[in-house]
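Inspection log for the structure reproduced underneath, given as structure tokens.
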Amino acid sequence: MKLYLKISLLSLLLVGAFSSCKKVAGPGGTSAIRGSVIGVNNSTGESEIIDITIKQGNDIEHGDYFLFNGPAGGTLYYVWYNNPTWVSNGDPQLQGRTGIQVNFNYSDSNLEIANATLTAIDAALNGDFTISQNNDILTLVSLAHTEITDADNGTTNFNVDVTNQGKSDINGAEMAITDEKVYLIYGDGTVFNDIARTGADGKFTFEGLQIGKYKVYALSKDAATGEMIPVYQEIEITEKATVNEVGVLSIFQ
Numbered sequence: 005m006k007l008y009l010k011i012s013l014l015s016l017l018l019v020g021a022f023s024s025c026k027k028v029a030g031p032g033g034t035s036a037i038r039g040s041v042i043g044v045n046n047s048t049g050e051s052e053i054i055d056i057t058i059k060q061g062n063d064i065e066h067g068d069y070f071l072f073n074g075p076a077g078g079t080l081y082y083v084w085y086n087n088p089t090w091v092s093n094g095d096p097q098l099q100g101r102t103g104i105q106v107n108f109n110y111s112d113s114n115l116e117i118a119n120a121t122l123t124a125i126d127a128a129l130n131g132d133f134t135i136s137q138n139n140d141i142l143t144l145v146s147l148a149h150t151e152i153t154d155a156d157n158g159t160t161n162f163n164v165d166v167t168n169q170g171k172s173d174i175n176g177a178e179m180a181i182t183d184e185k186v187y188l189i190y191g192d193g194t195v196f197n198d199i200a201r202t203g204a205d206g207k208f209t210f211e212g213l214q215i216g217k218y219k220v221y222a223l224s225k226d227a228a229t230g231e232m233i234p235v236y237q238e239i240e241i242t243e244k245a246t247v248n249e250v251g252v253l254s255i256f257q
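Position 170 of the sequence shown, counted from 1, bears residue number 174 in my numbering, the numbering being contiguous throughout.
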């Protein structure tokens, strides 16, 4: 009986010893995995689109003007309204801007003034925009994909609305990706066991991990198919209470 107890006790000690040496990935430990996600962005920009709703002659004063702007390095415009019945010069002569004069009468309808404004702007444009008309609404579309300082109604009571903000083309630019999902797989698994999100600097951390092997991945867009595919990094935690750097996950967006 005593011999049996000794053998049983020895067996338990050996099992405990082997268990303590076994590397089992998963939660409940004291170590962490840290890394970052960098995105390579190839995207087409957008044109700035401006809608200007023209008012009738009774709503315009001699010398009233509105503003719109070309891209950086382009022409800055002001469109001003001249009533020939006035002796004084109504041109506000805004420094650093190109003036576009539109003649009008107080009796003109909003459509007549829209027609006159279209003709004047179209003749003065310096390759920055195209212009079109739908009744009393004029639409300016920037020819460049870039951010542009917003148009302004100036001293008129026109509705001047930026209906689409310009955006620049992005070709292969690398940047830290914020709020991106990163997935963690324990051991030899094939399905993710945990998710983290990147911070403003593109960095992520998985904490409370045991010794063992792990796989970290983020999803990247395939340029040919548009399909989202995982980009993996493998890492092994070999010591307790350590921070283990998995490096950079580089993805396409």
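All residues carry an ideal CB built from backbone N, CA and C; glycine is no exception.
The model shown is predicted, which means the values in this text are computed figures rather than measured ones.
The ligand COA heavy atom lying under 7 Å from the CB of residue i
{"i": "K217", "result": "Absence of the ligand COA from the depicted structure is noted, as is the absence of any ligand whatsoever, leaving it without description."}
Start-to-end residues for the alpha helix (DSSP H) that takes in residue i
{"i": "A128", "result": "N114 to A128"}
Exposed unless 16 or more other CB atoms sit within 10 angstroms - verdict on residue i
{"i": "K244", "result": "exposed"}
{"i": "V164", "result": "buried"}
{"i": "I233", "result": "exposed"}
{"i": "N73", "result": "buried"}
{"i": "I56", "result": "buried"}
{"i": "L144", "result": "buried"}
{"i": "D112", "result": "buried"}
{"i": "V250", "result": "buried"}
{"i": "P88", "result": "exposed"}
{"i": "T160", "result": "buried"}
{"i": "G39", "result": "buried"}
{"i": "V28", "result": "exposed"}
{"i": "Y236", "result": "exposed"}
{"i": "V247", "result": "exposed"}
Three-state secondary structure assigned by DSSP to residue i
{"i": "D226", "result": "coil"}
{"i": "K6", "result": "With a pLDDT of only 41 at K6, under the threshold of 50, the placement of this residue in the model should not be trusted, and no figure is reported."}
{"i": "F111", "result": "First, the amino acid is wrong: residue 111 is Ser here, not Phe. S111 falls in the coil class under three-state DSSP."}
{"i": "K185", "result": "strand"}
{"i": "F162", "result": "coil"}
{"i": "N197", "result": "coil"}
{"i": "D156", "result": "strand"}
{"i": "G94", "result": "coil"}
{"i": "K219", "result": "strand"}
{"i": "E249", "result": "strand"}
{"i": "V106", "result": "strand"}
{"i": "T143", "result": "strand"}
{"i": "K171", "result": "strand"}
{"i": "A148", "result": "strand"}
{"i": "F256", "result": "strand"}
Boundaries (first-last residue) of the beta strand (DSSP E) holding residue i
{"i": "H66", "result": "That residue, H66, is in no beta strand (DSSP E); it is neither H nor E in DSSP."}
{"i": "N87", "result": "Neither: N87 is in no beta strand (DSSP E) and is coded neither H nor E."}
{"i": "T57", "result": "S51 to T57"}
{"i": "P234", "result": "M232 to I241"}
{"i": "K207", "result": "K207 to L213"}
{"i": "R38", "result": "P31 to S47"}
{"i": "V176", "result": "First, the residue type needs correcting, since residue 176 is Gly and not Val in the sequence shown. G176 -> beta strand (DSSP E) spans I174 to A180."}
{"i": "Q137", "result": "F133 to N138"}
{"i": "A76", "result": "Premise fails: A76 is in no beta strand (DSSP E) and is neither H nor E."}
CB-CB length for residue i against residue j, believed under 8 Å
{"i": "V83", "j": "T121", "result": "7 Å"}
{"i": "E184", "j": "T202", "result": "5 Å"}
{"i": "L71", "j": "G158", "result": "5 Å"}
{"i": "N109", "j": "G61", "result": "6 Å"}
*For the region 185-199 and the region 210-225, state whether three or more C-beta atom pairs, one from each stretch, are separated by less than 8 Å.*
With contact defined as three or more Cβ pairs closer than 8 Å, the region 185-199 and the region 210-225 are in contact.
*Decide if the region 85-102 is in contact with the region 64-76; the criterion is three or more beta carbon pairs, one per stretch, under 8 Å apart.*
yes
*Take every Cβ of the region 166-173, pair it with every Cβ of the region 145-156, and state whether three or more of those distances are shorter than 8 Å.*
yes
*asked:* Is it the case that the region 97-104 contacts the region 36-55, given that we only count it when at least three CB pairs across the two stretches are under 8 Å?
replied: no
*Three or more C-beta pairs closer than 8 Å, one from the region 125-145 and one from the region 75-89: is that the case here?*
yes
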